[in-house]
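Number of protein chains: 2
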Amino acid sequence: MPAINNQTIMIKNLTSVRGIKCWGAHIGIKSMRRDLAIIYSEVPASAACTFTQNKVAAEPVKISRRHVRDGKAQVIVCNAGNANACTGEQGRLGAEAMVAATAEALGIDKELVLVASTGIIGEPFPTDDVVDGIRLNVGKLSDDPKAGSFAANAILTTDTFAKEGFLEFELEGSPIYIGGIAKGSGMIHPNMATMLSFIVSDIAIGPGLLKRAVTECVNASFNMITVDGDTSTNDMVAVLCNGLAGNKLIESETDDGYVLFRQKLEDMMAHLAKLIVSDGEGSSKFVEYRVSHAPSEEIARKLVRAISGSALVKTAMFGRDPNWGRIICAGGNAGVPFDYTHVDLYLGTEEEQVQVLKKGSPTGFDRNSVKRLLRESHLLVHLDMNEGDAESVGWGTDLTTDYVMFNSVYTT
Amino acid sequence: MPAINNQTIMIKNLTSVRGIKCWGAHIGIKSMRRDLAIIYSEVPASAACTFTQNKVAAEPVKISRRHVRDGKAQVIVCNAGNANACTGEQGRLGAEAMVAATAEALGIDKELVLVASTGIIGEPFPTDDVVDGIRLNVGKLSDDPKAGSFAANAILTTDTFAKEGFLEFELEGSPIYIGGIAKGSGMIHPNMATMLSFIVSDIAIGPGLLKRAVTECVNASFNMITVDGDTSTNDMVAVLCNGLAGNKLIESETDDGYVLFRQKLEDMMAHLAKLIVSDGEGSSKFVEYRVSHAPSEEIARKLVRAISGSALVKTAMFGRDPNWGRIICAGGNAGVPFDYTHVDLYLGTEEEQVQVLKKGSPTGFDRNSVKRLLRESHLLVHLDMNEGDAESVGWGTDLTTDYVMFNSVYTT
Numbered sequence: 455m456p457a458i459n460n461q462t463i464m465i466k467n468l469t470s471v472r473g474i475k476c477w478g479a480h481i482g483i484k485s486m487r488r489d490l491a492i493i494y495s496e497v498p499a500s501a502a503c504t505f506t507q508n509k510v511a512a513e514p515v516k517i518s519r520r521h522v523r524d525g526k527a528q529v530i531v532c533n534a535g536n537a538n539a540c541t542g543e544q545g546r547l548g549a550e551a552m553v554a555a556t557a558e559a560l561g562i563d564k565e566l567v568l569v570a571s572t573g574i575i576g577e578p579f580p581t582d583d584v585v586d587g588i589r590l591n592v593g594k595l596s597d598d599p600k601a602g603s604f605a606a607n608a609i610l611t612t613d614t615f616a617k618e619g620f621l622e623f624e625l626e627g628s629p630i631y632i633g634g635i636a637k638g639s640g641m642i643h644p645n646m647a648t649m650l651s652f653i654v655s656d657i658a659i660g661p662g663l664l665k666r667a668v669t670e671c672v673n674a675s676f677n678m679i680t681v682d683g684d685t686s687t688n689d690m691v692a693v694l695c696n697g698l699a700g701n702k703l704i705e706s707e708t709d710d711g712y713v714l715f716r717q718k719l720e721d722m723m724a725h726l727a728k729l730i731v732s733d734g735e736g737s738s739k740f741v742e743y744r745v746s747h748a749p750s751e752e753i754a755r756k757l758v759r760a761i762s763g764s765a766l767v768k769t770a771m772f773g774r775d776p777n778w779g780r781i782i783c784a785g786g787n788a789g790v791p792f793d794y795t796h797v798d799l800y801l802g803t804e805e806e807q808v809q810v811l812k813k814g815s816p817t818g819f820d821r822n823s824v825k826r827l828l829r830e831s832h833l834l835v836h837l838d839m840n841e842g843d844a845e846s847v848g849w850g851t852d853l854t855t856d857y858v859m860f861n862s863v864y865t866t
Numbered sequence: 455m456p457a458i459n460n461q462t463i464m465i466k467n468l469t470s471v472r473g474i475k476c477w478g479a480h481i482g483i484k485s486m487r488r489d490l491a492i493i494y495s496e497v498p499a500s501a502a503c504t505f506t507q508n509k510v511a512a513e514p515v516k517i518s519r520r521h522v523r524d525g526k527a528q529v530i531v532c533n534a535g536n537a538n539a540c541t542g543e544q545g546r547l548g549a550e551a552m553v554a555a556t557a558e559a560l561g562i563d564k565e566l567v568l569v570a571s572t573g574i575i576g577e578p579f580p581t582d583d584v585v586d587g588i589r590l591n592v593g594k595l596s597d598d599p600k601a602g603s604f605a606a607n608a609i610l611t612t613d614t615f616a617k618e619g620f621l622e623f624e625l626e627g628s629p630i631y632i633g634g635i636a637k638g639s640g641m642i643h644p645n646m647a648t649m650l651s652f653i654v655s656d657i658a659i660g661p662g663l664l665k666r667a668v669t670e671c672v673n674a675s676f677n678m679i680t681v682d683g684d685t686s687t688n689d690m691v692a693v694l695c696n697g698l699a700g701n702k703l704i705e706s707e708t709d710d711g712y713v714l715f716r717q718k719l720e721d722m723m724a725h726l727a728k729l730i731v732s733d734g735e736g737s738s739k740f741v742e743y744r745v746s747h748a749p750s751e752e753i754a755r756k757l758v759r760a761i762s763g764s765a766l767v768k769t770a771m772f773g774r775d776p777n778w779g780r781i782i783c784a785g786g787n788a789g790v791p792f793d794y795t796h797v798d799l800y801l802g803t804e805e806e807q808v809q810v811l812k813k814g815s816p817t818g819f820d821r822n823s824v825k826r827l828l829r830e831s832h833l834l835v836h837l838d839m840n841e842g843d844a845e846s847v848g849w850g851t852d853l854t855t856d857y858v859m860f861n862s863v864y865t866t
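Chains as they are written, first to last, in our numbering: chain A, 455 to 866; chain B, 455 to 866.
And the structure:
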């Protein structure tokens, strides 16, 4: 590894978190890119995950589900290029070998290993390559920021850029760090995309409370993005908090710092989720959907998901079409109470919106000026239900001819 | 109206059903095409409907829901070109005027009128044109088959052809007729598509039992098709059975002829549903999805819907890609128990399929020969769960670059 000069550009990422070491290597599953990531904490950490809801879960997902059940983990190992899904007994043994090799090389218990995979479904898992790769690369684990970036790059498949984030906040007078990486929903070749995110922090927090925070934050972030509505067999978000910041252990939601940490964790996840949408395969626009003044957050979220996931709304966004009828119709399909006659609807960008509906009636807006606004690459669709105090925000792409080309022409 | 020679080509449709008269007129809502359909029974009929599940229901849907509650109706009046949805008070009054004009012109009770609309959402309803059109055209109601075709054409919007069906079967030694029309899910300009179907029969059947048959048959037919997953504000299926065949009134599912009628009604609906898919906007393929040996019909249906509705499966069909991973992944997202390790999967056409998975493992099939098969315009995807005796069939389109172009470039 060449010497890295951190003085010129200060990079902060996973490895800036106390006690975290990373590596990302090319072990030959993919032809050119790095394809093995290891994220290691010097001490066992509180751990919490969310996993795909798909009934067809990849082999590493099944193992990680078991290993995280006790709320403890120390390392995340992830390969790209092969999803190890629909691989049967051969895949199960491969994932177990991946765990065993990692545990052995690090001298830790197998139960402390979380394992993930992303890539092609249904191809035999390259167990030997992965096991050899782990043994060769564990010794390279480093707290150099470049190693964090290597890890961020090594989990990518069809993503066009690595997705990283870092933030800090103060608790009891000293800084807490959170670093995260993610990979996204590009889904060219040859199967579906996997959404992965690995987040580490040095905060001291109990595993039960961390699990709750992670679930809530995932619901408000990763679960509010849509590219094409399919959930992969491999989706996984893992959060490790190793306590090396030295704060007083947070064990209850009323404890000092919990609310702040939860918000910062959600900020990190929202940041990574938006990066995933930005890299949505074959999309030309990033669209933020806001539903405000809803009777409940659940209703607001379901509306955001139904509208952002509608093929007709997404093609309208691609076509710069102020087609409020499609938005209202998608809202009506959300499976929640929805009275469009109360609805105010605004279309445009973060900086400038035009009200197109007032209490469900067209405002007589100027179509051409709205169409001009919708030429922007970052759009905002804001639906005000005028019925309560809850709100929700989500992010989606448009549906483009390129999307269809990518997903049909690039065949297996 | 010019004289029509029925001797050369024998057309059978709605008007071939005893006591049914139709008309379809151009009243000027649409620029060139017929846009008002009337389907009338000489006597009040048992009636049953299913309606859109969209929370934003069009004004005519609200009225028809009320009018069909007593299980009786005598006429269906439908305009195309304006959906009368999101039109508020003006639209409600318009739909009521449409009903009143029809009832008055026919000298029947308003409660016997079912009303439907399809077309643009959110534009003021052209009440005067529609009311005048009804008054002018009621007198033209005819049992000539051409009048049935006029009606079939007058409910179309962006459909590229009229969808009609007719069948007969024997009960108690005399023929029973069923005729039906439908319009489909083309959704170019400028809002979402509406699915409408109007079916008439001369069988004598009680309204309670008819309601049950209609619900079951709609679930097995119209509810098993997908073009783009959105449900319109105006969807409606209406069935009138006027009893003029003179059979003994069917009032219980154990009565003679019920099972036969129910099957024939499902056949008619499946015929019309498949025609709708064939006319799916911007699609290049018609795909039949079969799930067999499922633990329950409900599970089979949910799997068919999840797989046929997946954007990734649909783009794979467009790309002639034997991408079984996408199909299994979509199955895993159906929200039902799904063990892919039991699954046999076949891809191809009705005439020739290739087994690509056996108990969840790739069969080592020849990709190129499957890709050649997938060049056909009518495809079959057959997933055998090997878990029970239930099955389900559904129909869908592929997702094409043309679909995106149609739905984005043709703006409001």
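Glycine is no exception: its CB is placed at the ideal position from the N, C-alpha and C atoms.
In this text, all values refer to a predicted model and were calculated from it rather than measured experimentally.
Strand pairing of residue i, partner residues [DSSP]
i, result
"D798(A)", "D838(A)"
"Q809(A)", "Y800(A)"
"E845(A)", "In DSSP, E845(A) forms no bridge with anything."
"E720(B)", "E720(B) pairs with nothing; no bridge assigned."
"K637(B)", "L650(B)"
"V693(A)", "A502(A), I653(A)"
C-alpha distance - residue i paired with residue j, whole-angstrom precision
i, j, result
"L757(B)", "K484(A)", "33 Å"
"S655(A)", "T795(B)", "38 Å"
"F512(A)", "D597(A)", "Per the sequence shown, the amino acid found at residue 512(A) is Ala instead of Phe. The alpha-carbon atoms of A512(A) and D597(A) are separated by roughly 30 Å."
"V515(A)", "I657(B)", "56 Å"
"S737(B)", "T680(B)", "11 Å"
"M723(B)", "V767(A)", "29 Å"
"N840(A)", "G593(A)", "58 Å"
"W477(A)", "R829(B)", "45 Å"
"I481(A)", "D775(B)", "29 Å"
"R523(A)", "G633(B)", "60 Å"
"I781(B)", "T687(A)", "12 Å"
"V713(B)", "H725(B)", "18 Å"
"E490(A)", "N508(A)", "Glu is not the amino acid found at residue 490(A); the sequence shown has Leu there. Each residue's Cα considered, the two are about 24 Å apart."
"L837(B)", "C540(A)", "15 Å"
"R826(B)", "T581(A)", "33 Å"
Proximal chain B residues relative to residue i, where beta-carbon distance stays under 7 Å
i, result
"F772(A)", "V858, S862"
"L853(A)", "V858"
"T504(A)", "Those within 7 Å of T504(A) in chain B number zero; the least Cβ separation is about 16 Å."
"T769(A)", "V858, N861, S862"
Contact under 9 Å by Cβ, residue i with residue j
i, j, result
"A527(A)", "V567(A)", "yes"
"I588(A)", "I465(A)", "no"
"A554(B)", "K564(B)", "yes"
"E720(A)", "E670(A)", "yes"
"S500(B)", "I659(B)", "yes"
"A754(A)", "A844(A)", "yes"
"H832(B)", "F740(B)", "yes"
"S762(A)", "G638(A)", "no"
"D820(B)", "L811(B)", "no"
"G473(A)", "N673(A)", "no"
"L650(A)", "V691(A)", "yes"
Listed by chain order, chain B residues near residue i by CB distance under 8 Å
i, result
"N787(A)", "Q507, N508, K509, D684, T685"
9 Å Cβ cut-off: residues of chain A touching residue i
i, result
"W849(B)", "Neighbours of W849(B) on chain A: none; closest Cβ ~17 Å, over 9 Å."
"I562(B)", "Result: empty, since nearest Cβ-Cβ is about 32 Å, beyond 9 Å."
Cross-chain neighbours of residue i in chain A, by beta carbon under 8 Å
i, result
"I575(B)", "G779, I782, C783"
"T795(B)", "G542"
Contacts that residue i makes with chain A (C-beta to C-beta distance below 7 Å)
i, result
"S815(B)", "G542"
"F792(B)", "K509, V510"
"L547(B)", "Simply none; closest approach about 15 Å."
key: Residues, ordered as in the chain, of the segment 797–815 of chain A that lie near chain B by beta-carbon distance below 8 Å   = From the segment 797–815 of chain A, only G814, S815 have a Cβ closer than 8 Å to chain B.
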